[in-house]
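Structure, as structure tokens:
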Amino acid sequence: MTIIGIDLGTTNSACGVWTEDGVKLIPNRLGHVLTPSVVGLDKNGEVIVGRAARQRLINHSNRTVAAFKRLMGTSHQVFLDRQSFTAIELSSLVLRSLKEDAEAYLQEPVNQAVISVPAYFNDNQRQATRQAAELAGLQVARLINEPTAAAVAYGLHDRKEGMFLILDLGGGTFDVSLLEFFDGVMEVHASAGDNYLGGEDFVDAMVADVLREHGIRKEDLAPEKLQNLYLQMEGAKRKLGPADQTLTLDLGNKTVDHVVTNDWFMQVGTPLLLKAKQPIERTLRDANVGQGSIDDVVLVGGSTRLAAFRSMVGRMFGRLPSCHLDPDTVVAVGAAIQAGMLMRGEGLDDVVLTDVCPFTLGTSVVKDHSADNGVRFLPMIERNCVVPISIVRRVYTVHDNQNMVDVDIYQGESRDVSKNVFLGKLSVPVPRGPKGTEALDIRYSYDMNGLLEVDVTVVTTGATHYKLIENAPGSLTDQEKQQALEKLSKLKVHPRDGEENRVLMARAERLYESSLGDQREHIGDLLNKFESILDRQDPLEIAKYRARFEELLNQLESGDWF
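Quick note: the sequence shown uses the numbering used here, first residue 7, plus one each step.
Pasting the structure below:
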């Protein structure tokens with residue numbers, strides 16, 4: 007069964023398939039590889055998708071909608087004429103159009119797809135994407151983060167090793183990911199993004215400045231004239247260059263000539279460029295990586311063609327970014343390569359792909375007894391941890407004679423749990439006793455399929471309680487779910503109890519016992535540092551220090567440590 011790769015974009019969507027000759031992008035019925043993510047209704051109430059729908063945005067704006075990807079995961083209703091649609095339903099219409107194009111191109115039924123999503127999409131948004139696919143008649147073989155898909159495409163073309171920053175500025179979203187390639191492994195170190203920053207926001211800023219200059223409110227313009235103004239500004243943005251552009255604008259009660267210059271664009275676009283710097287800086291900060299450690303900066307998404315954006319990136323990193331693959335289709339290419347991996351396609355070199363959890367998963371704990379009950383968020387699995395991952399934390403009762411502990415499960419970044427997304431709860435009975443005497447070990451295990459397992463063990467009794475939270479219930483078969491759970495179960499051991507770490511600790515303890523003086527003190531310091539890293543339960547940090555620890559022990563045993 008053929009699995010296709012789909013880039014479900016805010017502005018445009020595309021799909022591809024892995025063949026023995028590499029990735030082939032699938033043309034739509036008009037012969038184009040990009041299908042506008044626009045949906046409309048004609049006068050008979052029939053659905054129109056793609057380029058034809060986009061042409062109707064001007065004169066039939068009440069029957070046409072675009073950029074609905076931004077509404078994924080919300081209950082917001084969009085009205086086309088008098089019919090209401092959710093973002094899930096609108097996205098499913100785009101996916102169905104791509105599915106039909108793929109079936110016409112391949113001359114066979116297509117029922118499975120790898121679909122790209124922004125890396126920072128939360129569980130609700132990812133589940134909405136899966137539901138849209140289901141409505142379109144597609145089973146999601148894998149959701150792949152858009153920057154990861156782009157990195158797959160670039161990695162297979164370049165065969166490079168090093169640290170790469172992927173900047174994906176599309177029509178409506180901005181994604182940043184830091185990836186490292188080594189020994190055939192593609193590892194995501196950190197990711198961040200902005201769901202409300204893209205090329206369309208630059209057009210919004212241009213339109214807003216023109217209207218402000220002439221004292222006109224958006225609501226005072228007829229929908230057709232406002233849409234035409236947007237199209238003119240979009241065209242001017244695409245043509246930005248050394249030469250000025252003079253546009254004749256119909257602003258309802260008057261017609262004006264407006265000169266578009268690079269200086270004017272920089273004036274209206276600078277706040278957005280500054281906004282774009284924030285997720286870049288956050289990604290580097292999360293990964294504890296300096297700008298000088300980046301081997302290359304890769305641009306993805308049609309909006310990265312903006313000279314102002316490229317100039318900003320160049321100034322930040324002191325080099326020109328890479329953009330030798332088509333930024334509009336590179337995500338679709340990467341998704342198709344991932345689909346080929348899942349199909350085990352012949353001729354495709356084996357590449358191990360690791361990903362990160364783009365959000366923090368945690369629980370609520372009482373930190374103090376202030377007016378708001380002192381309830382705070384306790385991160386369990388931090389954002390940008392490599393998945394699959396399993397982390398355990400110990401908590402204690404806070405009241406005398408407490409006989410029940412509610413383990414609330416949250417997703418988010420705020421210290422205030424009410425600002426995070428509530429995922430579920432486990433109510434765990436505990437023996438009565440003085441506060442602080444009863445302890446619970448809470449373990450979170452999370453994988454690439456969006457399965458979150460929560461295991462709670464009452465320390466004094468050994469009683470265990472369990473809850474499974476699926477990113478998208480029903481998206482995995484029972485067999486796939488069981489395989490994922492078995493893989494996670496292998497992680498359910500504290501890192502210090504892992505065989506590799508136990509062997510290394512035992513070796514270091516032996517060397518400590520057989521040494522004296524400065525050498526013994528040095529080994530003790532190494533052991534203390536390794537133990538503190540194990541306690542942090544970060545697999546990447548543990549693996550990196552373990553290699554260094556082993557190298558130092560080798561030097562000590564050979565007598566070459568001075």
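The beta carbon of each residue, even a glycine, is placed where N, CA and C say it ideally should be.
Could you check the C-alpha separation between L457 and S396 for me, to the nearest Å?
12 Å
Pairs of beta-carbons, one from the segment 262 to 275 and one from the segment 148 to 155, closer than 8 Å: are there three or more?
no
Buried or exposed for K245, going by 16 or more other Cβ atoms inside 10 Å?
It counts as exposed.
In chain order, each alpha helix (DSSP H) run of at least 4 residues that lies wholly inside the segment 314 to 358:
336 to 349
Under the three-state reduction of DSSP, which class applies to G22: helix, strand or coil?
strand
Who pairs with D256 in a beta bridge, going by DSSP?
Looking at the DSSP assignment, D256 forms a beta bridge with T261.
Beta bridge counterpart(s) of A196 as assigned by DSSP
L184
Proximity to D263 [Cα-Cα], best of P277, Q83, V274 and V216:
Comparing Cα positions, the closest option is V216.
What are the residues that DSSP puts in a beta bridge with Q525?
Here Q525 is not bridged, per DSSP, to any residue.
Which residue from N130, I548, E537 and G56 puts its Cα closest to that of L77?
N130
Comparing C-alpha positions only, which one of L562, E193 and R552 sits nearest to E527?
The shortest C-alpha separation from E527 is found at L562.
Below 8 Å on the Cβ atoms is my contact criterion, and I expect V392 with V362 to pass it. Report the Cβ-Cβ distance as a whole number of Å.
Correct: roughly 6 Å between the Cβ atoms.
Can you tell me which of P394, I343 and F365 puts its alpha carbon nearest to the alpha carbon of G121?
Per the sequence shown, residue 121 should be read as Ile rather than Gly. Ranking P394, I343 and F365 by Cα distance to I121 puts I343 first.
What is the DSSP secondary structure of D210, counted as helix, strand or coil?
helix
Inter-stretch contact at 8 Å, needing at least 3 Cβ pairs: the segment 33 to 47 / the segment 62 to 76:
yes
Run of the alpha helix (DSSP H) containing M272, from where it starts to where it stops
N268 to A293
Label Y416 either buried or exposed according to how many other C-beta atoms from any shown protein chain fall within 10 Å of its C-beta, with 16 as the threshold for buried.
buried
For Q118 and A142, believed in contact at Cβ under 8 Å, the rounded distance:
Actually they do not touch by this definition, with Cβ atoms about 12 Å apart.
Taking the alpha-carbon positions, what's the A314 to P333 distance?
Distance between the alpha carbons of A314 and P333: 16 Å.
If you follow the alpha helix (DSSP H) that E167 is in, where does it begin and where does it stop?
Premise fails: E167 is in no alpha helix (DSSP H) and is neither H nor E.
Could you check what DSSP says for E476 in three-state terms: helix, strand or coil?
strand
With a CB to CB cut of under 8 Å and the five nearest residues on each side skipped, what residues in its chain are close to Q297?
L290, M322, F323 and G324
Which residue wins for smallest C-alpha separation from D461, given the options E444, K441, K431 and N234?
K431
Terminal residues of the beta strand (DSSP E) in which K30 lies
Segment G28 to L31, the beta strand (DSSP E) holding K30.
Taking A196 as the reference, give the member of S183, D207, G204 and L203 with the closest Cα.
Out of S183, D207, G204 and L203, S183 has the C-alpha closest to the C-alpha of A196.
What residue ranges within the segment 421 to 453 form continuous beta strand (DSSP E) runs of no fewer than 3 residues, ordered along the chain?
Secondary structure in the segment 421 to 453: the beta strand (DSSP E) runs of 3 residues or longer, each lying completely within the stretch, are 427 to 435 and 445 to 452 in chain order.
Stretch pair the segment 273 to 280 + the segment 195 to 211: three plus CB contacts closer than 8 Å:
yes
Going by DSSP, what residues sit across from T70 in a beta bridge?
G46
For D13, tell me which candidate among L474, H38 and V339 has the shortest Cα-Cα distance.
V339
Can you give, in chain order, each stretch of the beta strand (DSSP E) that sits fully within the segment 230 to 256 and has at least 3 residues?
251 to 256
Residue range of the unbroken beta strand (DSSP E) whose run includes P385
V381 to I387
Where P3 falls, given that 16 or more other Cβ within 10 Å makes a residue buried:
Residue 3 lies beyond the stretch modelled for the chain, which goes from 7 to 568, so this question has no answer here.
Relative to the alpha-carbon of L558, which residue among Q543, F536 and G320 has its alpha-carbon at the smallest distance?
F536
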